[in-house]
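Top line first, the protein sequences correspond to chains A and B. Positions 1 to 306 (my numbering) are the ones given, in order, by the first sequence. Positions 307 to 577 (my numbering) are the ones given, in order, by the second sequence. Quick reminder that beta carbons are idealized off the backbone N, C-alpha and C, glycines included. Read through the structure below, which is laid out as structure tokens, and then see the notes.
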Amino acid sequence: MSMVVTVGRVTLANPVLVASGTFGFGREFAESCSVDHLGGIVTKTITLAARTGNPPPRLVETPAGLVNSIGLANPGLESFCRDELPWLASLDTRVVVSIGGERPSDYGTIAARLDGREGVSALELNVSCPNVDRGGLAIGCDERAVAETVKVVRSATDLPVWVKLTPNVTDPSRLAGVAVSEGADAVCLINTVRALVIDVNTARPVPAAGGGLSGPAIRPIAVRTVWDTYAAHACDIIGCGGVCTVDDAVQFLLAGARAVSVGSGLFADPYAPWRIIDRLPGRLRELGYGRIEDAVGRAHQGEGTR
Amino acid sequence: MGEDRAWVVTSAPVVNVVPAGAGRVVIAVDAPDIAARSRPGQFVMASVPGPGHDPLLRRPLSIHNVTEDTVELLVGVVGRGTRFLAGLIPGQSLSLVGPLGTGFGVPPADRALLLVAGGIGIAPLLFAATVWCDARPVALAAGGRSAGDLMALDRFSALGLPVWVATDDGSRGYRGTVVDRVRRIIDQPPGFPGARSVQGWCIWACGPEPMLAAVDRLLIETDIPGRLSVEAVFACGVGACAGCARTRADGRGYVRVCRDGPVFNPGEVLL
Numbered sequence: 001m002s003m004v005v006t007v008g009r010v011t012l013a014n015p016v017l018v019a020s021g022t023f024g025f026g027r028e029f030a031e032s033c034s035v036d037h038l039g040g041i042v043t044k045t046i047t048l049a050a051r052t053g054n055p056p057p058r059l060v061e062t063p064a065g066l067v068n069s070i071g072l073a074n075p076g077l078e079s080f081c082r083d084e085l086p087w088l089a090s091l092d093t094r095v096v097v098s099i100g101g102e103r104p105s106d107y108g109t110i111a112a113r114l115d116g117r118e119g120v121s122a123l124e125l126n127v128s129c130p131n132v133d134r135g136g137l138a139i140g141c142d143e144r145a146v147a148e149t150v151k152v153v154r155s156a157t158d159l160p161v162w163v164k165l166t167p168n169v170t171d172p173s174r175l176a177g178v179a180v181s182e183g184a185d186a187v188c189l190i191n192t193v194r195a196l197v198i199d200v201n202t203a204r205p206v207p208a209a210g211g212g213l214s215g216p217a218i219r220p221i222a223v224r225t226v227w228d229t230y231a232a233h234a235c236d237i238i239g240c241g242g243v244c245t246v247d248d249a250v251q252f253l254l255a256g257a258r259a260v261s262v263g264s265g266l267f268a269d270p271y272a273p274w275r276i277i278d279r280l281p282g283r284l285r286e287l288g289y290g291r292i293e294d295a296v297g298r299a300h301q302g303e304g305t306r
Numbered sequence: 307m308g309e310d311r312a313w314v315v316t317s318a319p320v321v322n323v324v325p326a327g328a329g330r331v332v333i334a335v336d337a338p339d340i341a342a343r344s345r346p347g348q349f350v351m352a353s354v355p356g357p358g359h360d361p362l363l364r365r366p367l368s369i370h371n372v373t374e375d376t377v378e379l380l381v382g383v384v385g386r387g388t389r390f391l392a393g394l395i396p397g398q399s400l401s402l403v404g405p406l407g408t409g410f411g412v413p414p415a416d417r418a419l420l421l422v423a424g425g426i427g428i429a430p431l432l433f434a435a436t437v438w439c440d441a442r443p444v445a446l447a448a449g450g451r452s453a454g455d456l457m458a459l460d461r462f463s464a465l466g467l468p469v470w471v472a473t474d475d476g477s478r479g480y481r482g483t484v485v486d487r488v489r490r491i492i493d494q495p496p497g498f499p500g501a502r503s504v505q506g507w508c509i510w511a512c513g514p515e516p517m518l519a520a521v522d523r524l525l526i527e528t529d530i531p532g533r534l535s536v537e538a539v540f541a542c543g544v545g546a547c548a549g550c551a552r553t554r555a556d557g558r559g560y561v562r563v564c565r566d567g568p569v570f571n572p573g574e575v576l577l
């Protein structure tokens with residue numbers, strides 16, 4: 001069974017990517033794993049200026065997940081282009097560069113700089129990070145801000161544009177519709193869920209300013225978001241949120257995603273994406289699907305209509 | 307990728323589990339791919355399997371010792387993850403990612419190596435001792451709140467190393483902190499008979515944060531070379547997620563403990 005899929009105007013060797021923020025720029029995993037066998041790498045979000053990120057502690061484990069407040073620590077656009085992009089361009093796998101900013105115009109500026117750059121297969125607009133004061137989630141919760149951001153990026157580049165959306169709104173599928181109507185080629189559903197832990201011994205919040213919940217705990221939220229968005233818009237969707245096993249991936253496909261990203265799943269098992277890639281064809285065949293396409297959105301078709 | 311992989315994910319059969327006092331255990335696993343690559347000061351990320359990936363995160367454990375294909379891990383119970391690990395029995399398997407992190411490195415050739423341990427911080431220092439005791443004069447200073455917080459000392463004595471003990475409550479050895487004891491040790495030049503041209507001490511330390519901070523201050527104050535093994539909460543463990551960041555002492559941002567460390571030079575990390 002061919003695993004090749006086209007999603008958001010990018011053709012992937014298989015539908016399994018790694019999620020932004022969990023894989024850096026690929027070097028650490030490349031030391032020990034065949035990153036070229038991944039369907040794609042979504043890089044850590046880069047911003048115009050370098051960011052050191054939030055003070056520690058940045059992580060706290062929660063039931064079947066974790067809350068993070070990394071704070072978009074990244075070397076900045078210039079350093080990325082100089083120090084990371086040449087190596088990423090040498091890989092066979094597709095590279096999706098995640099970009100962030102404080103305002104829509106920042107996204108446009110970065111998009112213009114990456115337009116036409118060798119090695120960049122697509123841009124993923126991070127309009128959903130809950131761990132920054134400006135931009136991020138603040139954009140992703142606002143339809144007009146999302147529209148403006150996508151529009152600015154769309155006019156700055158011909159690259160495929162994916163928009164990573166937040167679940168922290170009443171109806172994420174509305175934002176997805178807005179993004180697509182402004183020219184986005186795909187939406188990535190979902191980024192982390194706003195969350196917090198209180199340390200009962202210190203009576204303090206951890207992380208100090210709150211953070212985003214990820215991992216298997218959010219998978220039902222992510223699957224629901226994919227389901228709602230596919231039902232409303234039938235647009236290209238990359239499913240993200242607690243993908244750990246091949247059946248998790250299949251769930252997202254059936255809900256309407258054409259590809260999935262593995263993020264926090266890497267923490268439980270660094271080999272998780274490769275295991276899913278290995279097992280997906282056999283599992284789909286077992287479930288009665290002859291092609292990946294047959295599974296995408298199949299859950300919307302009701303019982304007995306395989 | 308083969309032999310040039312930096313770290314591997316491996317399912318390691320548990321060979322032996324030996325109690326180490328106060329609910330602690332030393333777990334020996336068969337992990338040739340990790341054993342072959344390990345250096346003192348490195349760690350592994352151990353999986354705590356639960357239904358539905360709960361807990362999600364692996365637990366970091368210093369490599370306590372390596373003998374041929376066997377990796378030993380010293381585990382103290384501090385929560386549900388370590389409680390599971392301490393309950394493992396031979397025949398079960400443990401999924402490990404490793405070896406990870408920078409190690410202690412090479413001790414200067416003209417120095418005697420003083421390993422300084424606080425409580426379960428002694429864990430990585432045994433591996434350091436077994437690797438270096440033939441090439442350098444090595445000694446151990448181990449401390450804890452009371453005698454029950456001391457562990458593994460017999461393994462160091464078995465190597466023929468001098469061992470100094472300190473307990474806050476005086477229930478064993480010197481009454482006081484291990485750093486107080488270390489100050490007295492370093493007041494004298496290292497007295498290793500037959501050790502040629504030893505210029506002084508080099509200190510490798512691991513233990514609770516206040517102890518590490520005290521060693522850090524001592525090393526800076528005395529200009530004694532040394533290395534400190536620092537703790538953090540880890541997610542990926544390999545340097546990709548930046549979750550384990552700790553503040554640099556020079557105020558210029560953060561270090562990744564899993565990759566830039568866990569072993570650092572004095573004065574590098576804010577303790």
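Selection from the options that minimises the alpha carbon distance to residue i
{"i": "A:LEU66", "options": "A:ILE221, A:SER214, A:ARG291", "result": "A:SER214"}
{"i": "A:TRP162", "options": "A:VAL246, A:ASN168, A:VAL146", "result": "A:VAL146"}
{"i": "B:ALA418", "options": "B:TRP438, B:PRO443, B:SER399, B:GLY411", "result": "B:PRO443"}
{"i": "A:ASP133", "options": "A:ARG279, A:GLU293, A:ILE70", "result": "A:ILE70"}
{"i": "B:GLY424", "options": "B:GLY513, B:VAL563, B:ARG451", "result": "B:GLY513"}
{"i": "B:SER452", "options": "B:THR473, B:ALA441, B:VAL469", "result": "B:THR473"}
{"i": "B:VAL354", "options": "B:ASP336, B:ARG389, B:VAL332, B:PRO516", "result": "B:ARG389"}
{"i": "A:PRO216", "options": "A:PRO63, A:GLY100, A:ARG51, A:PHE25", "result": "A:PRO63"}
{"i": "A:ALA322", "options": "A:ARG82, A:LEU88, A:GLY100", "result": "No answer is possible for residue 322 of chain A: the residues shown for chain A start at 1 and end at 306."}
{"i": "B:ILE426", "options": "B:GLU527, B:PRO413, B:VAL381, B:ARG386", "result": "B:VAL381"}
{"i": "B:PHE540", "options": "B:ASP375, B:VAL403, B:ALA312, B:GLN494", "result": "B:VAL403"}
{"i": "B:ALA501", "options": "B:ALA445, B:SER317, B:ASP566, B:PRO325", "result": "B:ALA445"}
{"i": "B:PRO338", "options": "B:VAL323, B:SER463, B:VAL377, B:PRO325", "result": "B:VAL377"}
{"i": "A:ASN54", "options": "A:PRO130, A:ALA249, A:GLY8, A:ALA112", "result": "A:PRO130"}
{"i": "B:PRO319", "options": "B:PRO346, B:ARG343, B:ALA352", "result": "B:ALA352"}
{"i": "B:ALA447", "options": "B:THR316, B:THR553, B:GLY466, B:ARG487", "result": "B:ARG487"}
{"i": "B:ARG345", "options": "B:LEU518, B:LEU406, B:SER535", "result": "B:LEU406"}
{"i": "A:ILE237", "options": "A:ALA186, A:ARG279, A:ARG285", "result": "A:ALA186"}
Range covered by the beta strand (DSSP E) that runs through residue i
{"i": "B:TRP470", "result": "469-473"}
{"i": "A:LYS164", "result": "161-165"}
{"i": "B:ILE509", "result": "506-512"}
Exposure label - residue i; buried when at least 16 CB within 10 Å
{"i": "A:GLN251", "result": "buried"}
{"i": "A:ILE198", "result": "exposed"}
{"i": "A:ILE46", "result": "buried"}
{"i": "A:ILE292", "result": "buried"}
{"i": "B:MET307", "result": "Any reading at B:MET307 needs caution, since the residue's pLDDT is 48, under 50, leaving its predicted position unreliable; the model's value is listed next. So B:MET307 ends up on the exposed side."}
{"i": "B:GLN348", "result": "buried"}
{"i": "A:ALA184", "result": "buried"}
{"i": "A:THR229", "result": "buried"}
{"i": "A:THR93", "result": "buried"}
{"i": "A:ALA118", "result": "The question names Ala, but residue 118 of chain A is Glu in the sequence shown. The residue in question, A:GLU118, is exposed, as its Cβ has fewer than 16 Cβ neighbours within 10 Å."}
{"i": "B:ASN371", "result": "buried"}
{"i": "A:SER261", "result": "buried"}
{"i": "A:ARG306", "result": "Only weak support exists for where A:ARG306 lies, its pLDDT of 43 falling under 50; the value from the coordinates is given anyway. Flag for A:ARG306 reads exposed."}
Helix, strand or coil at residue i [DSSP, three-state]
{"i": "B:ARG558", "result": "coil"}
{"i": "A:PRO273", "result": "helix"}
{"i": "A:GLN301", "result": "helix"}
{"i": "B:ASP336", "result": "strand"}
{"i": "B:GLN398", "result": "strand"}
{"i": "B:ARG478", "result": "coil"}
{"i": "A:ARG291", "result": "coil"}
{"i": "A:ILE237", "result": "strand"}
{"i": "A:ASN14", "result": "coil"}
{"i": "A:SER155", "result": "helix"}
{"i": "B:MET307", "result": "Interpretation of B:MET307 is limited by its pLDDT of 48, a score under 50 that renders its predicted location unreliable; the figure taken from the coordinates is listed afterwards. Three-state DSSP puts B:MET307 in coil, outside helix and strand."}
{"i": "B:VAL320", "result": "strand"}
{"i": "B:LEU432", "result": "helix"}
Element boundaries [alpha helix (DSSP H), containing residue i]
{"i": "A:GLU118", "result": "That residue, A:GLU118, is in no alpha helix (DSSP H); it is neither H nor E in DSSP."}
{"i": "A:ALA213", "result": "Sequence check: residue 213 of chain A is Leu here, not Ala. Not the alpha helix (DSSP H): A:LEU213 falls in the beta strand (DSSP E), residues 204-214."}
{"i": "B:GLU515", "result": "515-528"}
C-beta neighbour in chain E for residue i, strict 9 Å
{"i": "B:THR553", "result": "This model lacks chain E altogether; the protein chains it does include are A and B."}
### Query
At a Cβ cut of 8 Å, what residues of the stretch 55-70 of chain A count as close to chain B, listed as they run along the chain?
PRO55, PRO56, PRO57, ARG58, LEU59, VAL60, GLU61, PRO63, ALA64, GLY65, LEU66, ASN68, ILE70
### Message
If the cut-off is 7 Å on Cβ atoms, which residues from the stretch 87-113 of chain A count as contacting chain B, listed in chain order?
### Response
none
### Task
Note down, in chain order, all residues in the stretch 352-363 of chain B with a beta-carbon under 8 Å from any beta-carbon belonging to chain A.
SER353, GLY358, HIS359, ASP360, PRO361, LEU362, LEU363
### Task
Check each residue of the stretch 527-559 of chain B: if its Cβ is closer than 9 Å to any Cβ of chain A, include it; give the result in chain order.
ALA538, VAL539, PHE540, ALA541, CYS542, GLY543, VAL544, GLY545, ALA546, CYS547, ALA548, GLY549, CYS550, ALA551, ARG552, THR553, ARG558, GLY559
### Query
Looking at chain A, which residues of the stretch 311-340 of chain B have a Cβ within less than 8 Å of any of its Cβ atoms?
ARG311, ALA312, TRP313, VAL314, VAL315
### Message
Beta carbons nearer than 7 Å to chain B: which residues of the stretch 247-267 of chain A have them?
### Response
SER264, LEU266, PHE267
### Query
Which residues, taken in chain order from the stretch 183-200 of chain A, show a beta carbon closer than 8 Å to some beta carbon of chain B?
none
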